[in-house]
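A.B. asks: One structure, as structure tokens, below. Some questions next.
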Amino acid sequence: MVPAALCPVCLAAAILQAPSGEALLALRAMRLPEGLRAELFAAEPHVTNPVAFWVDERGRVLVAETFRIEAGVTDTREHMGWLDDDLAARTVADRVAMYSKHLGDVSRSFTAEHDRVRLVEDTDGDRAADRATVFAGGFHAVEDGIGAGVISRGGDVWYACIPHLWLLRDKDGDGKAEKRTAIHSGYGVHVGYYGHDLHGLRFGPDGRLYFSIGDRGLNVETGGRRLVHLDAGAVLRCEPDGSGLEVFATGLRNPQELAFNEVGDLFTGDNNSDGGDEARWVHAVEGGDSGWRIGYQFIDGPVSRGPWNREKLWRPRPEGGAAYIVPPLANLAAGPSGLCFYPGTGLPERCGGRFFLADFRGANATSGVWSFALEPRGASYEVVDLERWVWGVLATDADFGPDGALYISDWVHGWRGTGKGRIYRVFDPALAKDPLVLGTRRLLEEGMDRRSIEELARLLEHPDQRVRQEAQFALVARGEAALPALSGAARRGPRLARLHAVWGLGQVARRAVSAEVRGAAAEAIVGSLRSDDAEARAQAAKTLAEAPTPDALERLLPLLTDPSPRARFFAAMAVGKLGRTEAVPAVLRLLEEDAGRDAFLRHAGVMALAGATGASALLPHAGHPSRSVRLGVLLALRRLESPEAA
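The sequence shown begins at 12 in our numbering and counts up by one.
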């Protein structure tokens, strides 16, 4: 049900800029919530074919622009004769060899057009862009894909363009990246479908860089090892320098963007396959499998998409459905693309705790930005209060700027680019001069490097998620000197300050060279396991798994019977990482008591069993009287790829 105050059919109350031509007409046609306004921040020629963007701490907009659709980047649907070779590809080199096999010399036709990152700025403070420069260009190798993700922090820019994840640096501050480093290579093994690219860049509460890839797959050499994940889309994470790369969640088709809520949970919108299935809102949890495999796309016959549709693997909490899947929370949108979470300042109070999801459907009349909230349900959530928040814009991405406005990129028309593009900002005029909004902007623009530890600790309580996170990261950068402040904040203060402190302690413990510092940070985390706040206990359990104390298992086991399902979930996940067989009886009791009611708790129990012991130790429990325990054992054997699962 849509509240009257957020009626999505009313037109914008005022247009504050005076753009001409098509951009003005498009702006007037947008439908906005009552009381909010929209204005044009940038349009062609400042912005062209915007796939994704990021608003930095200074209000500058970095835009990933593409010119390579059908001019270097193609689609399996245009070349069905390639299908067997494409699905058989195991490396990016295999894909390039397939081009040569079927097309001959493609070096000229595939390298003529370049993708790029554009830096768009408002230099005179009138809320409209007046300068646009190419921050980094020349992405046009035969193997390159669509540049589809960009993010910045502290002067560094990360840019996702298959087959590479790039780190770009503007060393002299002239708005152009002089240095570019491919911190990973090997994404995009398959041709697949347009847009199933490398994207979704977002910093997590643990300080890692999270990102996503569609079902084109990856085969990446990293840190002396090879990470291979070939036939499904995934969420990945790594340290900002590219180290520690790992697959976080899998079984996705095309998760274009990611967003964390205020308590550190990760979400994405995953696109449907145009086969009668529906797009999914996914709570992405570590080790989770959402069920999609690229081969399903090409199954026709009585049941298109094979088991994907036959078993309705895309349905939320399917009755009797595949138990190895962590099901989506809802089916919503048709072309989920850009995604963000309201950070806490700039919009009316009613926007607190809401997500904003761009829905790209090929035409502006049927596209726009959804808004919705989540309410706790077991160890996860359920979607509530879904509404069309901004409609009538062919949105590819959405994100908040330091001014508190929601910025939206507009593809303008169709699927393959028109050489046009716009970026709008949606804002509340009543809050434009609000001291909290202005103060937040100032804090983000000034940064945290010169602030004292005491001030940074206070900023962990700030209403804006971005300020809290930057303060957390700045404290972590101070290392041992900040441990007392982080430990104190973890013990007392508002919930969100406690959580950021716990996450910061986890970062210190993970990065510290000194064993003494690691131990002190881990002990401070242990203290939060006894917090009177269930969410603090849950986040402490999650964080302790990456910085365990010698007695971590003994500290975590009581949480497997915690009144909070979220505490039980994260405790079970943590127990699995410790690799201790003594945990098995307590995990079996967790599964038995849940009795299969919560798919997320089942997943955590399975992760705990698979991590705590081997197949031989699980087999004695295969005849357990509880069906949910037997199922958990089977799923753990499956995760271990044990032939005993048969």
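Quick reminder that beta carbons are idealized off the backbone N, C-alpha and C, glycines included.
#1: Out of Thr77, Thr87 and Arg361, state which residue places its alpha-carbon closest to the alpha-carbon of Ala123.
#2: By a C-beta neighbour count over all protein chains shown, 10 Å radius and 16 as the cutoff for buried, is Gly403 buried or exposed?
#3: CB Pro339 to CB Arg291, shorter than 8 Å?
#4: On the DSSP bridge assignment, give the partners of Thr144 in chain order.
#5: Below 7 Å CB to CB, which residues in the same chain sit around Ala416 once its five sequence neighbours on both sides are set aside?
#6: With respect to the beta strand (DSSP E) encompassing Lys676, which residues constitute its N-terminal and C-terminal limits?
#7: Give me the residue from Ala140, Tyr205 and Glu546 with the minimum Cα distance to Glu89.
#8: Identify which residue in Gly199, Ala512, His57 and Asp67 has its Cα closest to the Cα of Thr87.
#9: May I have the straight-line CA-CA distance separating Gly425 from Glu81, to the nearest angstrom?
#10: Return the residue from the list Arg502, Gly280, Ala260 and Gly262 that minimises the CA-CA distance to Glu268.
#11: According to DSSP, which residues form a beta bridge with Cys249?
#12: In this structure, what does DSSP give as the bridge partners for Pro347?
#13: Mapping DSSP to helix, strand and coil, what is Val423?
#14: Residues bridged to Val617 by DSSP?
#15: Going by C-alpha to C-alpha distance, which of Pro413, Ala100, Asp133 and Gly253 sits closest to Leu179?
#16: Excluding the 5 residues flanking Gly186 on each side, which residues of the same chain have their C-beta closer than 6 Å to its C-beta?
#17: Out of Trp303, Pro413 and Val395, which has the shortest C-alpha to C-alpha gap to Gly355?
#18: Just to confirm, is the Cβ distance from Glu50 to Val103 under 8 Å?
#19: Return the bridge partner residues of Pro61 from the DSSP annotation.
#20: Determine the burial state of Ala127: buried for a count of at least 16 other Cβ atoms within 10 Å of its Cβ, exposed for fewer.
#21: Starting from Ile173, trace the beta strand (DSSP E) both ways and give me its first and last residue.
#22: Quick check on the burial criterion: 16 or more other C-beta atoms within 10 angstroms. Buried or exposed for Thr554?
#23: Which whole runs of the beta strand (DSSP E) in the region 251 to 294 are 3 residues long or more, in chain order?
#24: Given a threshold of 16 other Cβ atoms within 10 Å of its Cβ, counted over all protein chains shown, does Asp288 qualify as buried or as exposed?
#25: Val395: buried (16+ other C-beta within 10 angstroms of its C-beta) or exposed?
#26: At 4 residues or longer, what runs of the alpha helix (DSSP H) sit wholly inside the region 432 to 482?
#27: Classify Gly160 as helix, strand or coil using the three-state DSSP reduction.
#28: In angstroms, rounded to a whole number, what distance separates the CA positions of Asp95 and Asp242?
#29: What number of angstroms, rounded off, separates the C-alpha of Ala485 from the C-alpha of Gly312?
#30: Compute the beta-carbon to beta-carbon distance between Ala406 and Ser378, rounded to the nearest angstrom, for a pair I have assumed lies under 8 Å.
#31: Return the residue from the list Arg71, Glu33, Met41 and Val478 that minimises the CA-CA distance to Ala54.
#32: Could you check how far apart the C-beta atoms of Gly538 and Ala496 are, in whole angstroms? I think they sit under 8 Å.
#33: One question on the structure: do Met91 and Ala100 come within less than 8 Å of each other, judged by their Cβ atoms?
#34: Among residues of its own chain, excluding the 5 on either side of Gly643, which ones have a beta-carbon nearer than 7 Å to its beta-carbon?
#35: Taking Arg579 and Leu570 to be in contact with their CB atoms under 8 Å, please state how far apart those CB atoms are, rounded to whole angstroms.
#36: For Gly148, which residues from the same chain have a beta carbon less than 6 Å from its beta carbon, with the 5 sequence-adjacent residues on both sides left out?
C.D. replies: To lay it out plainly:
#1: Working through the sequence shown from its first residue, we reach residue 123 at position 112. Ranking the options by Cα distance to Ala123, first place goes to Thr77.
#2: Along the sequence shown, one-based indexing puts residue 403 at 392. Buried, because 16 or more other Cβ atoms sit within 10 Å of the Cβ of Gly403.
#3: Here residue 339 corresponds to residue number 328 of the sequence shown, with the count starting at 1. Here residue 291 corresponds to residue number 280 of the sequence shown, with the count starting at 1. For Pro339 and Arg291, yes; Cβs fall inside 8 Å.
#4: Looking up residue 144 in the sequence shown gives position 133. Its beta-bridge partners are Leu130.
#5: Taking the sequence shown and counting its residues from 1, one reaches residue 416 at position 405. Taken in chain order, the residues that qualify are Gly357, Arg436, Val437 and Phe438.
#6: There is simply no residue 676 to check, as the chain begins at 12 and stops at 657 in what is shown.
#7: Locating residue 89 in the sequence shown gives position 78, counting from the first residue. The candidate whose alpha carbon is nearest that of Glu89 is Tyr205.
#8: Sequence index remark: in the sequence shown, residue 87 carries index 76 (1-based). If we check each option's Cα against that of Thr87, Gly199 comes out closest.
#9: Residue numbering aside, residue 425 sits at position 414 when the sequence shown is read from its first letter. Residue numbering aside, residue 81 sits at position 70 when the sequence shown is read from its first letter. Taking the straight line joining both Cα atoms gives about 14 Å.
#10: Locating residue 268 in the sequence shown gives position 257, counting from the first residue. Ranking the options by Cα distance to Glu268, first place goes to Gly280.
#11: Here residue 249 refers to the residue found at position 238 when the sequence shown is read from its first residue. Note: Cys249 sits in a beta bridge opposite Leu220.
#12: The residue given as residue 347 occupies position 336 in the sequence shown. Answer is Asp370.
#13: For the purposes of this step, residue 423 is taken as the residue at position 412 of the sequence shown. Reduced to three states, the DSSP call for Val423 is coil.
#14: The sequence position of residue 617 within the sequence shown is 606, counting from 1. Bridge partners of Val617: none, in fact.
#15: As a working note, residue 179 is residue 168 in the sequence shown. Measuring from the Cα of Leu179, the nearest candidate turns out to be Gly253.
#16: Looking up residue 186 in the sequence shown gives position 175. Once the five neighbours on either side are set aside, the close Cβ partners of Gly186 are Leu130 and Thr144.
#17: On the sequence shown, position 344 is the one that residue 355 refers to. Looking at the Cα atoms, Pro413 is the closest of the given residues.
#18: As a first step, residue 50 must be located in the sequence shown, where it is residue number 39. As a first step, residue 103 must be located in the sequence shown, where it is residue number 92. Not a contact, by the Cβ cut-off of 8 Å.
#19: Indexing the sequence shown from 1 puts residue 61 at position 50. Partner(s): Glu76.
#20: Here the question's residue 127 lines up with position 116 in the sequence shown. One detail in the question is off: residue 127 reads as Arg in this sequence, not Ala. Buried: at least 16 other Cβ atoms inside 10 Å.
#21: Residue mapping note: residue 173 aligns to position 162 of the sequence shown, counting from 1. From DSSP, Ile173 is part of no beta strand (DSSP E); its letter is neither H nor E.
#22: Along the sequence shown, read from residue 1 onward, the residue named residue 554 stands at position 543. Flag for Thr554 reads buried.
#23: 257 to 263, 266 to 271 and 277 to 281
#24: The residue you call residue 288 lines up with position 277 of the sequence shown. When all chains shown are included, Asp288 counts as buried.
#25: Start at 1 with the first residue of the sequence shown, and residue 395 comes out as number 384. So Val395 counts as exposed.
#26: 446 to 457 and 464 to 470
#27: Walking along the sequence shown from the start, residue 160 turns up at place 149. The answer is strand: DSSP assigns Gly160 an E or B state.
#28: Translated into the one-based positions of the sequence shown, residue 95 becomes position 84. Translated into the one-based positions of the sequence shown, residue 242 becomes position 231. For Asp95 and Asp242, the distance between alpha carbons rounds to 13 Å.
#29: To locate residue 485, count along the sequence shown from 1; it is residue 474. To locate residue 312, count along the sequence shown from 1; it is residue 301. Approximately 56 Å between the Cα atoms of the pair.
#30: Reading the sequence shown from its first residue, position 395 is the one you call residue 406. Reading the sequence shown from its first residue, position 367 is the one you call residue 378. Rounded, the Cβ-Cβ distance is 6 Å, consistent with contact.
#31: Mapped onto the sequence shown, residue 54 falls at position 43. Cα-wise, what sits closest to Ala54 is Glu33.
#32: Counting from one through the sequence shown, the residue named residue 538 turns up at place 527. Counting from one through the sequence shown, the residue named residue 496 turns up at place 485. Going by Cβ atoms, the distance from Gly538 to Ala496 rounds to 14 Å, so no, they are not a contact pair.
#33: Residue mapping note: residue 91 aligns to position 80 of the sequence shown, counting from 1. Residue mapping note: residue 100 aligns to position 89 of the sequence shown, counting from 1. Not closer than 8 Å, so no.
#34: Translated into the one-based positions of the sequence shown, residue 643 becomes position 632. Excluding positions up to five away in sequence, the list reads Leu602, Arg613, Gly616, Val617 and Leu620.
#35: To locate residue 579, count along the sequence shown from 1; it is residue 568. To locate residue 570, count along the sequence shown from 1; it is residue 559. That pair is a contact at about 6 Å.
#36: Against the sequence shown, residue 148 aligns to sequence position 137. Answer for Gly148: His125 and Arg127, listed in chain order.
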